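For reference, the structure discussed in these notes is given below.
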Amino acid sequence: MSDRVQTPEGGTPIVGDDPVYLNDPIQDATVRMLLELAAQVWVERERRLTLEALLEKKGIVAHDEIERHTPDTVLAARLKDERARFLEDVFKELRRVPLNQ
Amino acid sequence: MSTTPETLPPLARRSDAAYLDFVEGLREFILGKGADFEERLNSALEQTSASRGRPWGDVEEIREFVHSLPIGRLRDRLARSQQEMKWHAIERSFDEQRTQLTAELAKWDERGPGRLLLDPTFEHPAYTNVHFHLQPGGYYKDELSGFLYHYGTKVFFRGDNDKDELHAKLVGTVPAPTDGKVHRILDLACSIGQSSTAFRRRYPEAEVWGIDHSAPMLRVAHRRAAMQGDAVNFAQRLVEKTGFPDAHFDITFAFILFHELPLRIIHDTVREAARVTRRGGIFAIYDFTGTEGKSPYQRYHRWFDARHNGEPYSQDFCDCRLGDILTANGFEVAAAPLAKRAGGTGYMQHWFATRV
Ligand SMILES: C[S@@+](CC[C@H](N)C(=O)[O-])C[C@H]1O[C@@H](n2cnc3c(N)ncnc32)[C@H](O)[C@@H]1O
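Those sequence lines, one after another, are chains E and G. Heads up: the first sequence begins at 1 in the working numbering, then just goes up one per residue. Heads up: the second sequence begins at 102 in the working numbering, then just goes up one per residue.
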C-alpha cells in the first residue's frame with residue numbers, strides 16, 4: 001500500500017493520499033473511473049430529463065428536432081469545453097496511478 | 102417562523118448538484134442494503150470465528166481477514182471513492198465562486214444579531230491539523246472551509262438535515278437542569294453553529310455561545326445565525342481552554358466533537374467543561390458509540406474510518422470510557438441509548454451528565 005503516515009498526535013496513522021485497495025493500482029483506477037462515469041451518466045440524464053420536460057411543457061421543441069440539430073460554431077466550441085471537463089472528471093484517475101507501487 | 106432563509110450557498114452549476122445527488126445515492130447504496138456489504142462481511146467474519154472456535158482478537162486480525170476477501174477490498178475502494186467524489190465536486194463548485202463567497206462572508210462579519218469574535222493571533226494546536234473525513238484543507242485552512250463543511254454534511258446526512266432538523270431534535274432532547282434555570286449555554290466546537298442556533302430557539306432568553314478553533318467555520322456560523330435572526334455569539338477558542346469564568350454555564354454541549362480529539366485533549370476538555378458548568382448544570386454529549394459489544398464488522402469499520410476516512414483519534418475515543426472520565430471529573434452521568442438516529446442506526450449515543 002502506498003501509505004504515508006500522517007497523524008499529528010497519536011491515534012490511528014492515517015493512510016496516504018491515494019491508497020491502493022485492490023490487487024494493483026490499475027484496478028483501483030478502473031473502479032474510480034467507473035464510478036465517475038456512472039456519476040456523469042446520471043448528471044446527463046438528470047439534465048436531459050429536466051430539459052425535455054421544460055421544452056415539452058412550453059411546447060417549444062419536438063423530440064425529433066433535437067435528433068436532427070447541428071450545432072453552430074458557438075455551441076460547437078462550448079461542447080468541446082464541456083467534453084474536456086467530462087474527460088477530466090472521469091480520467092483524472094489515470095494521473096493517480098503511481099509509477100511504481 | 103414561516104420561511105427560514107437558505108444559508109447554504111447554491112452550487113455553481115446544476116450539474117454539480119446532480120453529481121452530488123448521485124454521490125448521496127451511491128453512499129447509501131454502498132453503506133446500506135444496496136450492496137449489502139455489512140451483513141455479508143459480518144456473517145463471513147462470524148462464521149470464521151465460529152469454525153475456529155474462538156472470537157476475533159484485535160482489530161488487526163479482523164482487518165487481515167477482511168482484506169483477504171476481494172469483496173472486502175472492493176468495499177473499501179468504494180467507501181473511499183464516494184467520500185473523495187463528494188469533496189471533489191463541492192470543492193470545485195465553491196472554488197468557482199470563491200470571489201463572491203469570500204465577499205459574502207465579509208459582508209456579514211460585522212452584522213448582527215450576535216457577535217463574531219475572531220482572534221488574529223490564534224495558533225492552531227498541531228493535533229487539529231488533520232483533514233477530518235477527507236475534507237480538503239481540513240477545518241480551518243481554506244477560508245471557505247465552513248461552506249465546504251456545510252455542503253459535505255448535507256450529503257452525509259442524506260437529506261435528513263437540510264433544514265437542520267437533526268440538530269433541532271438533538272438539542273430538543275437535552276434535559277434542562279432540575280432547577281429549570283437556563284441563562285447561559287455553551288456549544289463546544291460549534292462548527293457552523295447549527296446546534297447553537299437550535300439552543301437559542303429553544304431558550305430565546307438565554308445567552309448562547311458557540312466556540313470553535315476554526316475561523317472559517319465561525320464566520321459561516323455567524324453569517325448563518327445572523328441571516329436567520331438568531332442572536333448567538335461565536336468566538337474562536339479551544340474547547341480545552343475556553344477562557345470563560347468558573348461555573349458560568351447552565352448547559353454545556355458537545356455534538357460529535359470528542360471522537361476528533363486526542364485522548365489527552367478529551368481529558369482536558371472534560372475537565373474544562375466541569376470548570377465552566379455550574380453545579381446542577383448539564384453537560385450533554387452526543388458522539389460515537391463505544392467499541393464494547395460491537396460486531397466484528399463494526400469494529401473493522403471503526404478502524405477503516407480512522408485510517409481511511411481521516412478520523413485518527415476516533416479509535417482511541419471509542420475504546421475509552423467517556424462515562425468514567427466524566428465521573429472522575431465531577432459529573433454524574435445518566436444516559437440511555439437513543440432509539441433511532443439519523444445518518445445510520447447505531448453509530449451515536451449520548452451522555453447526559455450533571456455537574457455535582
Ligand atoms: C464534527 S464538527 C462538530 C459539529 C458541531 N458540534 C455541530 O453541532 O454540528 C468538529 C468541530 O470541532 C472543531 N474542533 C476540533 N478540535 C477543537 C478544539 N480543540 N477546540 C475548538 N474546536 C475544535 C473543528 O473545528 C470542527 O468545527
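Beta carbons are placed, not taken as given, at the ideal position from N, Cα and C, and that holds for glycine. Bear in mind that the values here come from a model prediction, so they are computed numbers and not experimental data.
**OP:** Express the C-alpha separation of Pro25 of chain E and Asn334 of chain G in angstroms, rounding to a whole number.
**Re:** Their Cα atoms are separated by approximately 49 Å.
Subject >> Those runs of the alpha helix (DSSP H) which lie wholly inside the region 353-394 of chain G and span at least 4 residues >> reply: Fully enclosed alpha helix (DSSP H) runs of 4 or longer: 364-377.
Original post:
Does the beta carbon of Leu339 of chain G fall short of 6 Å from some heavy atom of ligand 1?
Top reply: Yes, the beta carbon of Leu339 of chain G sits closer than 6 Å to at least one heavy atom of ligand 1.
Original post:
Anyone know if the C-beta pair for Arg178 of chain G and Leu22 of chain E falls short of 7 Å?
Top reply: Yes, Cβ-Cβ distance for Arg178 of chain G and Leu22 of chain E is below 7 Å.
**OP:** Could you check how far apart the C-beta atoms of Val231 of chain G and Gly238 of chain G are, in whole angstroms? I think they sit under 8 Å.
**Re:** Contact doesn't hold; Cβ gap of about 11 Å is too wide.
**OP:** Quick one: residues in its chain with C-beta nearer than 7 Å to the C-beta of His284 of chain G, no 5 flanking neighbours on either side, listed in chain order?
**Re:** Cβ within range, chain order: Ala307, Glu308, Asp351.
Original post:
Using a C-beta cutoff of 7 Å, does Asp28 of chain E count as contacting chain G?
Top reply: Yes, Asp28 of chain E lies at the interface with chain G (some Cβ there is under 7 Å from its Cβ).
Subject >> Asp288 of chain G: first and last residue of the uninterrupted beta strand (DSSP E) it sits in >> reply: Element bounds for Asp288 of chain G: 285-289.
Original post:
Whose Cβ in chain E lies nearer than 9 Å to the Cβ of Pro413 of chain G?
Top reply: Neighbours of Pro413 of chain G on chain E, chain order: Gln6, Thr7, Pro8, Glu9, Gly10, Gly11, Thr12, Pro13, Ile14.
Subject >> N-terminal and C-terminal residue of the alpha helix (DSSP H) that His402 of chain G is part of >> reply: Note, His402 of chain G: alpha helix (DSSP H), 397-409.
Original post:
At which residues does the alpha helix (DSSP H) containing Thr257 of chain G begin and terminate?
Top reply: For the sequence presented, residue 257 of chain G should be read as Phe rather than Thr. Annotation: the continuous alpha helix (DSSP H) that includes Phe257 of chain G extends over 246-257.
Original post:
Helix, strand or coil for Ile312 of chain G per DSSP?
Top reply: Strand at Ile312 of chain G.
Original post:
Taking the alpha carbon of Gln450 of chain G as the point to measure from, which residue in G:Asn430, G:Ala429, G:Leu423 has its own alpha carbon closest?
Top reply: Closest by C-alpha distance to Gln450 of chain G, out of G:Asn430, G:Ala429, G:Leu423, is G:Leu423.
Original post:
Going by alpha carbons, who is nearest to Pro346 of chain G out of G:Val377, G:Ser246, G:Leu364, G:Asp243?
Top reply: Closest option to Pro346 of chain G, Cα to Cα, is G:Val377.
**OP:** Indicate whether Pro278 of chain G and Gly382 of chain G have their beta-carbon atoms separated by less than 7 Å.
**Re:** Yes, the pair counts as a contact, with Cβ atoms nearer than the cut-off.
Original post:
Beta-carbon of Arg178 of chain G versus every beta-carbon of chain E: anything under 7 Å?
Top reply: Contact of Arg178 of chain G with chain E is assigned, a C-beta pair being separated by under 7 Å.
Original post:
Who are the Cβ neighbours of Arg320 of chain G in its own chain at under 7 Å, not counting the five residues just before and after it?
Top reply: Exclusion of the five residues before and after Arg320 of chain G leaves Leu206, Asp210, Leu217, Gly247 as the residues of its chain whose Cβ lies within less than 7 Å of its Cβ.
Original post:
Along the region 43-63 of chain E, what residues have a CB closer than 7 Å to any CB found in chain G?
Top reply: Listed in sequence order: Val43, Glu46, Arg47.
Original post:
Going along the chain, which residues of its own chain have a beta-carbon closer than 8 Å to the beta-carbon of Arg199 of chain G, five neighbours each way excluded?
Top reply: The residues are Leu245.
Subject >> Unbroken beta strand (DSSP E) run spanning Val434 of chain G, endpoints >> reply: Boundaries of the beta strand (DSSP E) harbouring Val434 of chain G: 432-435, taken from the DSSP string.
Subject >> With 16 other Cβ atoms within 10 Å as the buried cut-off, status of Asp3 of chain E >> reply: Confidence in Asp3 of chain E is poor, its pLDDT being 40 and thus under 50, which makes the residue's placement unreliable; the coordinate value appears in the next sentence. Asp3 of chain E should be labelled exposed.
Original post:
Any idea if Asp425 of chain G is buried or exposed, counting beta-carbon neighbours within 10 angstroms, 16 or more meaning buried?
Top reply: Asp425 of chain G is exposed by the Cβ-count criterion.
**OP:** Report yes if the C-beta distance between Trp452 of chain G and Ile386 of chain G is below 7 Å; otherwise report no.
**Re:** It is a contact, given that the beta carbons lie within the stated cut-off.
Original post:
Is Arg32 of chain E close to chain G, meaning its C-beta is less than 7 Å from at least one C-beta of that chain?
Top reply: Yes - at least one Cβ of chain G is within 7 Å of the one on Arg32 of chain E.
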